[in-house]
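Asks:
Residue numbers (my numbering), protein chains in the order written: chain V, 1 to 251; chain R, 1 to 228; chain H, 1 to 327.
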């Protein structure tokens, strides 16, 4: 399995997508952060401690887009190219192959958030806030949990669905997850069957907002709740388990 | 080595393999002959477990090691021929000590010795085909399933490939050969079955055919599928 | 292969056990300790700050994640959250008014926005974990008492307070009215009022305070006269109702917060609270502060004002005017 992961990573590292989107992301984030374009409560935010969490959210946004883009075609491409044949005849099970490709998607998505984090690091250095770097690293690790879940979901969906549909659902899941807390409040205002249905759907979507919030909490030196992080870990666990049991009929 | 009984494969309502029965004996080169869409590749996929069997049974000798060379191989273009081989060798969990030596020997065997460190993206179709055969030989398998191994090769390449198959046969390997190039099959195969629209039309003992000198496989094939 | 599944299974067991452990951890000791402190204070507050308001009379539902821990003095039981929103407030549950709070840790993440979270703010908090500084323990206690006073208002005077907004103007959009008070021409009036009120509260000289308070009352009237010229009568009536309601209901609650902080000797925060009177805030928020300011003046000029504050819910400024009469 390790060989499949490494091979898949080698292919992706050569992909231009990661560097183009990543580069644009870093440029946009730095431009917005250094030009005082973020405001809160009608005040333009200039303080590094207030801005770093926002910059982190921007990193999360671009990293999520990259995670979806990098994860949606890996598995279908391997099946289309029939590389699966040469792998499966060697006694590798289909689930092992899919799991290995999913893990490679997760690793490359984490690599992309690492790449985008350069923007936060540059920003903190420009502001002379070197002491915050360690906290930033911790926050990125927390955000990495979101990115891993999104990548795993996209990979899992791509086993059966066409790429465009996978991409669309991936983006939808990202937005619902990011607005999870607010949407949950909206759902609670509904009644009857629609509430039941919406609550069910919300349960199926990981709460990216809660994890994102903890990363902001860490960087601002506030209380970090472990619970949503463990919950997200469980989400990742379940998605990976689903890759064990989701197969393509024709390989 | 392989025994297929009443194999049936359906895609939806379409039956692409119908009641196919044949046996591949140990140490022989067995050819699957047929026009495009005759069901050859589907049969191979069923034997390899790459597609489900709708009905029927396949028996393969216990613990037999299998090497497979696909018709249109895809290898990551950024890898060299050597790296491709190393990747598959690792998947097969071959002992790491002997991997280098084995890869080099096999690449030499298929005529890629000099190009082994070139990237696959610079390989011709024929070179890729040879690489496909080389990876099938990793781990010295007892059974080789070669799907159109000479496709895309030039005249000299074809001769070399057939020579290789011959030498593998001499090493005692069992080979299931799928090809639409009748002359090639005639040269290396012991027995062939002719498939048309998923059905077996005829089984031919190539040696008898050659010995009698009465008719060539090509004539037999045309007769069987009812052409010309 | 089996080994992989066994390891994977074990990871699952660890994750689920951790979740169960964290879920059963319950409310933090800190929050529980602060509720205990609030309860200990209740008698003193009733005796010294607000007669017949006893914080201990009200169940306090403290939310942590998806559980509410309902305290009734020494007793505590868990329940699923009753309110659809995360907020500090007071609300009746099965006929009994409950005080709703967030745990200290959750409130820390909301910072200054715990009271009256608007949608945009809530959005930013949710997205960015954007936060000012951690709340000190005394502030948490003062917020408990703020909501406690709302519970008291709801329990005994709900009808009186609900009647402040009359039905006859219901076609007027209150939010629009509250938005319009922030127009430049009107803001200058409010600023002047805020400054006078602040001076009247902070001066040590009683005579000066009376004079400033009178000036404040007259400045308020001048604003109303100005609005009479420029606004429709119904709109002005709605504005008066809004001022009346928020100053009385929220102003007194904010006053309670300030009093608790003063009682707990957190003068530096009390000072910040007082400054909010002259540092004009947008919309209805400004009435929380002016309401608190008037309560502080009433303490100076009419010691018994609290007895009738909600029983006879006339506007706080009118009560102040009455108190100043003859002084």
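Quick reminder that beta carbons are idealized off the backbone N, C-alpha and C, glycines included. Being a predicted model, the structure only gives us computed values, none of them experimental.
At 3 residues or longer, and completely inside the segment 36 to 73 of chain H: list those beta strand (DSSP E) runs for me, N to C.
Replies: 60 to 64 and 67 to 72
Asks: If you compare alpha carbons, which of 33/R, 144/R, 18/R and 101/R is closest to residue 192/R?
Replies: The residue given as residue 192/R occupies position 192 in the second chain. The residue from 33/R, 144/R, 18/R and 101/R with its alpha-carbon nearest to that of residue 192/R is 33/R.
Asks: Need the endpoints of the beta strand (DSSP E) that residue 145/R sits in, please.
Replies: What you label residue 145/R is simply residue 145 of the second chain in a count that begins at 1. It spans 143 to 147 - the beta strand (DSSP E) in which residue 145/R sits, taken as one unbroken run.
Asks: Per DSSP, what kind of secondary structure is residue 154/V in: helix, strand or coil?
Replies: Your numbering for residue 154/V matches position 154 in the first chain. In the structure shown, residue 154/V sits in a helix (DSSP, three-state: H, G or I).
Asks: Can you give me the C-alpha to C-alpha distance between residue 130/H and residue 53/V, rounded to a whole angstrom?
Replies: Taking the first residue of the third chain as position 1, residue 130/H is located at position 130. Taking the first residue of the first chain as position 1, residue 53/V is located at position 53. With a pLDDT of 47 at residue 130/H, under the threshold of 50, the predicted position of this residue should be treated as unreliable, though the coordinate-derived value follows. Taking the straight line joining both Cα atoms gives about 7 Å.
Asks: Return yes when the Cβ of residue 216/H is within less than 8 Å of the Cβ of residue 251/H, no when it is not.
Replies: Here residue 251/H is taken as the residue at index 251 of the third chain, counted from 1. Here residue 216/H is taken as the residue at index 216 of the third chain, counted from 1. Contact flag unset, no.
Asks: Going by C-alpha distance, which of 169/V, 64/V and 7/V is nearest residue 79/R?
Replies: In the second chain, the residue the question calls residue 79/R occupies position 79. Closest by alpha carbon: 7/V.
Asks: Might you give, ordered along the chain, the residues of its own chain that have their beta carbon closer than 7 Å to the beta carbon of residue 126/R, omitting 5 neighbours on each side?
Replies: In the second chain, counting from the first residue as 1, residue 126/R sits at position 126. Cβ contact annotation for residue 126/R (same chain, cutoff 7 Å, sequence separation greater than five): 152, 153, 154 and 157, in chain order.
Asks: Please name the residues in the segment 41 to 73 of chain H whose beta-carbon is closer than 8 Å to at least one beta-carbon of chain V, in chain order.
Replies: Flagged, chain order: 65.
Asks: Which residues in chain H sit within 7 Å of residue 188/V, going by Cβ to Cβ distance?
Replies: The residue you call residue 188/V lines up with position 188 of the first chain. Within 7 Å Cβ-Cβ: 84.
Asks: Just how far apart, CA to CA, sit residue 41/H and residue 74/H?
Replies: Sequence index remark: in the third chain, residue 41/H carries index 41 (1-based). Sequence index remark: in the third chain, residue 74/H carries index 74 (1-based). Distance between the alpha carbons of residue 41/H and residue 74/H: 14 Å.
Asks: How big is the Cα-Cα spacing for residue 62/V and residue 90/V?
Replies: The sequence position of residue 62/V within the first chain is 62, counting from 1. The sequence position of residue 90/V within the first chain is 90, counting from 1. If I take the Cα positions, the gap works out to 38 Å.
Asks: Against chain V, with Cβ distances strictly below 8 Å, would residue 74/R count as a contact?
Replies: One-based indexing of the second chain puts residue 74/R at position 74. Taking Cβ atoms only, chain V reaches closer than 8 Å to residue 74/R, which makes this a yes.
Asks: Evaluate contact between the segment 22 to 29 of chain V and the segment 116 to 128 of chain V, counting only Cβ atoms and requiring at least three cross-stretch pairs below 8 Å.
Replies: yes
Asks: Give the DSSP-derived three-state secondary structure of residue 246/V in the structure shown.
Replies: The count along the first chain starts at 1 and reaches residue 246/V at position 246. Coil at residue 246/V, not helix or strand.
Asks: Would residue 81/V and residue 74/R qualify as a contact pair, given that the criterion is a beta-carbon distance under 8 Å?
Replies: Counting from 1 along the first chain, the entry for residue 81/V is found at position 81. Counting from 1 along the second chain, the entry for residue 74/R is found at position 74. Taking C-beta atoms as the reference points, residue 81/V and residue 74/R count as a pair closer than 8 Å.
Asks: Count the other CB atoms, across all protein chains shown, that sit within 10 Å of the CB of residue 5/H; report buried if there are 16 or more and exposed otherwise.
Replies: What you label residue 5/H is simply residue 5 of the third chain in a count that begins at 1. By the Cβ neighbour-count rule, residue 5/H is exposed, with fewer than 16 other Cβ atoms within 10 Å of its own.
Asks: Assign residue 41/R to one of two classes, buried (16 or more other C-beta atoms within 10 Å of its C-beta) or exposed (fewer than that).
Replies: What you label residue 41/R is simply residue 41 of the second chain in a count that begins at 1. Buried, since its Cβ has 16 or more Cβ neighbours within 10 Å.
Asks: Can you give me, in chain order, the residues of the segment 5 to 32 of chain H that have a beta carbon less than 8 Å from any beta carbon in chain V?
Replies: 8, 11, 12, 15, 16, 18, 19, 22 and 23
Asks: Considering only heavy atoms of the ligand FAD, does any lie closer than 7 Å to the CB of residue 213/H?
Replies: Of the ligands one can find in the structure shown there are none, so the ligand FAD has no counterpart to examine.
Asks: Classify residue 24/H as buried or exposed, calling it buried when 16 or more other Cβ atoms lie within 10 Å of its own Cβ.
Replies: Taking the third chain and counting its residues from 1, one reaches residue 24/H at position 24. It is exposed - the Cβ of residue 24/H has fewer than 16 other Cβ atoms within 10 Å.
Asks: Counting only Cβ pairs nearer than 7 Å, list the residues of chain H close to residue 230/V.
Replies: Locating residue 230/V in the first chain gives position 230, where the first residue counts as 1. Chain H residues near residue 230/V: 15, 18, 19 and 22.
Asks: Apply the 10 Å Cβ neighbour rule to residue 162/H and answer buried if 16 or more other Cβ atoms are within range, or exposed otherwise.
Replies: Mapped onto the third chain, residue 162/H falls at position 162. Counting Cβ neighbours within 10 Å, residue 162/H comes out exposed, since fewer than 16 surround it.
Asks: Whose Cβ in chain R lies nearer than 8 Å to the Cβ of residue 90/V?
Replies: Against the first chain, residue 90/V aligns to sequence position 90. What residue 90/V touches in chain R: 88, 91 and 92.
Asks: Anyone know if the C-beta pair for residue 135/H and residue 101/H falls short of 8 Å?
Replies: One-based indexing of the third chain puts residue 135/H at position 135. One-based indexing of the third chain puts residue 101/H at position 101. Result no, Cβ atoms of residue 135/H and residue 101/H do not sit closer than 8 Å.
Asks: Please list the residues of the segment 101 to 121 of chain V that have a C-beta atom closer than 9 Å to any C-beta atom in chain H, keeping them in chain order.
Replies: Nothing from the segment 101 to 121 of chain V brings a Cβ to less than 9 Å from some Cβ of chain H.
Asks: Residues in the same chain with beta-carbon distance under 8 Å from residue 160/V, minus the five sequence neighbours each way, listed in chain order, please.
Replies: For the purposes of this step, residue 160/V is taken as residue 160 along the first chain, with counting starting at 1. Around residue 160/V: 246 and 248.
Asks: Tell me the rounded alpha-carbon separation between residue 181/V and residue 150/H.
Replies: By 1-based counting over the first chain, the position of residue 181/V is 181. By 1-based counting over the third chain, the position of residue 150/H is 150. Pairing residue 181/V with residue 150/H, the inter-Cα distance amounts to about 26 Å.
Asks: Cα separation between residue 193/H and residue 224/H?
Replies: Here residue 193/H refers to the residue found at position 193 when the third chain is read from its first residue. Here residue 224/H refers to the residue found at position 224 when the third chain is read from its first residue. Distance between the alpha carbons of residue 193/H and residue 224/H: 12 Å.
Asks: Output needed in chain order: residues of the segment 134 to 147 of chain V with a Cβ under 9 Å from some Cβ in chain H.
Replies: Listed in sequence order: no entries.
Asks: By Cβ distance below 8 Å, which residues in the same chain neighbour residue 84/R in space, the five residues on each side in sequence not counted?
Replies: As a first step, residue 84/R must be located in the second chain, where it is residue number 84. These residues qualify, in order along the chain: 75, 76, 120, 131 and 135.
Asks: Tell me, please, whether the CB atom of residue 206/H is closer than 8 Å to any CB atom in chain V?
Replies: Along the third chain, one-based indexing puts residue 206/H at 206. For residue 206/H, no CB of chain V lies under 8 Å from its own CB, so it is not counted at the interface with that chain.
Asks: Starting from the beta carbon of residue 108/H, find every residue of chain V whose beta carbon is closer than 7 Å, and list them in chain order.
Replies: Taking the first residue of the third chain as 1, we reach residue 108/H at position 108. Result: 222 and 223.
Asks: Which one of 66/R, 37/R and 175/R has the shortest CA to CA distance from residue 28/R?
Replies: Working through the second chain from its first residue, we reach residue 28/R at position 28. Measuring from the Cα of residue 28/R, the nearest candidate turns out to be 175/R.
Asks: Quick one, are the C-beta atoms of residue 135/V and residue 218/V less than 8 Å apart?
Replies: Here residue 135/V corresponds to residue number 135 of the first chain, with the count starting at 1. Here residue 218/V corresponds to residue number 218 of the first chain, with the count starting at 1. Against a cut-off of 8 Å, the Cβ pair of residue 218/V and residue 135/V comes out as a contact.
Asks: So, for residue 65/R: in the same chain, excluding its five sequence neighbours on each side, which residues have a beta-carbon less than 8 Å away from its beta-carbon?
Replies: Locating residue 65/R in the second chain gives position 65, counting from the first residue. Excluding sequence neighbours, residue 65/R sits near 139, 140, 141, 142 and 143.
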